[in-house]
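J.: Numbering (the working numbering), first residue to last: 20 to 406. Cβ atoms here follow ideal geometry from the backbone N, Cα and C, with glycine treated the same way. Mind having a look at this structure? Questions to follow.
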Ligand SMILES: Cc1ncc(COP(=O)(O)O)c(C=O)c1O
């Protein structure tokens with residue numbers, strides 16, 4: 020009998036130690052010991068599948084990776100110190116000088132910066148498509164293109180990219196399809212079902228869920244993950260065992276937390292949609308979302324982020340921020356505490372105004388990561404801040 024998502028998230032755990040602990044302990048150790056010289060030689064020669072050094076693997080990291088693989092339907096994975104370590108290491112491991120990436124314009128600001136400011140140092144160029152222009156992707160593909168990359172929902176505009184369309188294009192052109200699934204979490208969306216080869220998460224967000232630790236992970240097809248692993252065990256971006264332990268525990272409550280995040284976010288989005296001081300609201304499970312049908316096809320619910328614009332431009336937006344009392348003004352998301360962010364002056368401030376607009380961010384765009392407080396209190400705070 021196959022267990023369900025929620026059961027696996029709790030019951031998939033490391034074997035008990037000789038102490039028969041109920042909850043998995045922390046293996047805070049940099050290295051592991053060997054029985055004798057032959058054991059050590061065979062371990063380093065990879066004739067044995069065992070932990071050697073925590074830059075390569077660690078029991079807590081292994082458990083965290085195994086759980087995410089099960090959730091995403093992936094064969095293998097590697098856990099990183101942050102989401103950006105996962106993004107960088109994955110691209111660095113898979114690309115050669117002269118390779119080309121086709122990516123969505125609406126991606127996380129640091130990822131965009133990596134593609135535009137750093138990868139060109141190694142002669143790796145990127146061409147971009149708009150989230151509403153997936154029909155143009157094929158015209159951007161050249162013989163040098165190796166990776167097709169997107170986020171869905173996007174940060175911060177919560178636009179939706181049709182993963183099935185991307186999967187079909189990637190297969191036709193023999194590209195590696197990589198999806199940053201951070202905004203959905205493995206509970207709401209599994210991109211590999213739609214043809215993704217690799218899935219990346221910033222585990223700092225919904226996976227941690229309480230704003231405590233940074234983490235990242237790349238999971239997917241074993242041959243690709245092996246390349247990522249070989250790059251990473253040399254270059255050292257591994258997740259710390261302590262953070263792996265925290266994140267693995269967090270997965271036990273992922274489903275119940277994300278259900279409530281989504282319930283609260285939908286209620287807030289509906290409230291804002293009817294508010295006279297709001298220009299527009301975007302939330303994947305609002306019928307007014309331009310890709311509502313696609314969201315229904317590929318997601319279980321809409322996620323924790325609602326984007327909107329206050330009428331009156333930047334000045335009205337600033338007043339709104341200064342009037343917030345309960346919610347946090349912070350840059351994280353997916354936390355139990357609701358968070359309000361102004362992407363143009365924070366997470367996406369390194370982009371030019373044109374690049375921001377292309378990524379769907381106006382000067383007045385507000386991003387709310389809807390938390391787990393009572394929805395009445397969240398709405399009351401936003402309502403008073405809107406005046
Ligand atoms: C969609 C997305 N990808 C990647 C990252 C980077 O993750 P981290 O901050 O853990 O490095 C973030 C962070 O906000 C994100 O929102």
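Please go through the same chain and pick out, in chain order, the residues whose beta-carbon is closer than 6 Å to the beta-carbon of residue 49, but skip the five residues on each side of it.
T.: Taken in chain order, the residues that qualify are 73.
J.: Just list the residues that DSSP pairs residue 122 with in beta bridges.
T.: 147 and 168, per the DSSP bridge assignment.
J.: Can you name, in chain order, every residue of its own chain whose Cβ lies under 8 Å from the Cβ of residue 280, other than the five neighbours on each side?
T.: So the list reads 225, 322, 323, 353, 389, 390 and 391, once near-sequence residues are dropped.
J.: Measure how close the beta-carbons of residue 351 and residue 230 come, nearest whole angstrom, since I'm counting them as under 8 Å.
T.: Going by Cβ atoms, the distance from residue 351 to residue 230 rounds to 5 Å, so yes, they are a contact pair.
J.: For residue 332, which residues of its own chain have a beta-carbon under 8 Å away from its beta-carbon, when the five flanking residues on both sides are left out?
T.: Counting only Cβ-Cβ distances below 8 Å, and skipping sequence neighbours, we find 382 and 383.
J.: Give a yes or no on whether the C-beta atoms belonging to residue 95 and residue 247 are separated by under 7 Å.
T.: It is not a contact, given that the beta carbons lie outside the stated cut-off.
J.: Go to residue 254, then tell me how far its alpha helix (DSSP H) extends in each direction, as first and last residue.
T.: Here the alpha helix (DSSP H) through residue 254 covers 241-254.
J.: Roughly how many angstroms lie between the CA atoms of residue 129 and residue 118, to the nearest whole one?
T.: Each residue's alpha carbon lies about 20 Å from the other.
J.: For residue 90 and residue 114, what's the separation of their Cα atoms in angstroms?
T.: So the alpha carbons of these two residues sit roughly 27 Å apart.
J.: Note down the Cα distance separating residue 256 from residue 21, rounded to an integer number of angstroms.
T.: If you take the alpha carbons of residue 256 and residue 21, they lie about 34 Å apart.
J.: Measure from the alpha carbon of residue 149 to the alpha carbon of each residue in 399, 398 and 380, then state which is nearest.
T.: Cα-wise, what sits closest to residue 149 is 380.
J.: Could you check how far apart the C-beta atoms of residue 314 and residue 304 are, in whole angstroms? I think they sit under 8 Å.
T.: With a Cβ gap of about 6 Å, residue 314 and residue 304 count as contacting.
J.: Compare the beta carbon distance of residue 208 and residue 317 with 7 Å and say whether it is the shorter of the two.
T.: Yes. Within cutoff.
J.: Grouping DSSP H, G and I as helix and E and B as strand, with all else coil, what is residue 280?
T.: DSSP places residue 280 in helix when its eight states are reduced to three.
J.: Which of the three DSSP states is assigned to residue 199 in this structure?
T.: Strand.
J.: Please report the Cβ distance between residue 394 and residue 287, rounded to the nearest whole angstrom; I am assuming they are in contact, meaning their Cβ atoms lie under 8 Å.
T.: Rounded, the Cβ-Cβ distance is 7 Å, consistent with contact.
J.: Among 62, 157 and 275, whose alpha-carbon lies nearest the alpha-carbon of residue 3?
T.: With the chain covering 20 to 406 only, the question about residue 3 has no answer from this structure.
J.: Measure the alpha-carbon distance for residue 396 versus residue 194 and round it to whole angstroms.
T.: About 47 Å.
J.: Since residue 297 contacts residue 325 with CB under 8 Å, what's their CB separation in whole angstroms?
T.: Wrong, their Cβ atoms sit about 11 Å apart, outside the cutoff.
J.: Is it buried or exposed for residue 141, if we count other Cβ within 10 angstroms and need 16 for buried?
T.: Exposed, because fewer than 16 other Cβ atoms sit within 10 Å of the Cβ of residue 141.
J.: At the level of alpha carbons, what is the spacing between residue 285 and residue 188?
T.: Those two C-alpha atoms are separated by around 32 Å.
J.: Is residue 135 near ligand 1, going by C-beta to nearest heavy atom under 6 Å?
T.: Every heavy atom of ligand 1 is 6 Å or more from the Cβ of residue 135, so no.
J.: My understanding is that residue 104 touches residue 239, with C-beta atoms under 8 Å, so please give their C-beta distance in whole angstroms.
T.: So it is not a contact: roughly 16 Å between Cβ atoms.
J.: For residue 223, verify whether its CB is less than 6 Å away from any heavy atom of ligand 1.
T.: True, at least one ligand heavy atom lies under 6 Å from that Cβ.
J.: DSSP beta-bridge partners for residue 130?
T.: Answer by DSSP bridge pairing: none, since residue 130 is not bridged.
J.: Of the choices 84, 53, 55 and 36, whose alpha-carbon is the least far from that of residue 259?
T.: For the residues 84, 53, 55 and 36, the minimum Cα distance to residue 259 belongs to 84.
J.: Can you check DSSP and say which residues form a bridge with residue 308?
T.: Note: residue 308 sits in no beta bridge, so no partner.
J.: Per the contact definition of three or more C-beta pairs closer than 8 Å, is the region 205-219 in contact with the region 60-74?
T.: No, because fewer than three Cβ pairs between the region 60-74 and the region 205-219 fall closer than 8 Å, the two stretches do not touch.
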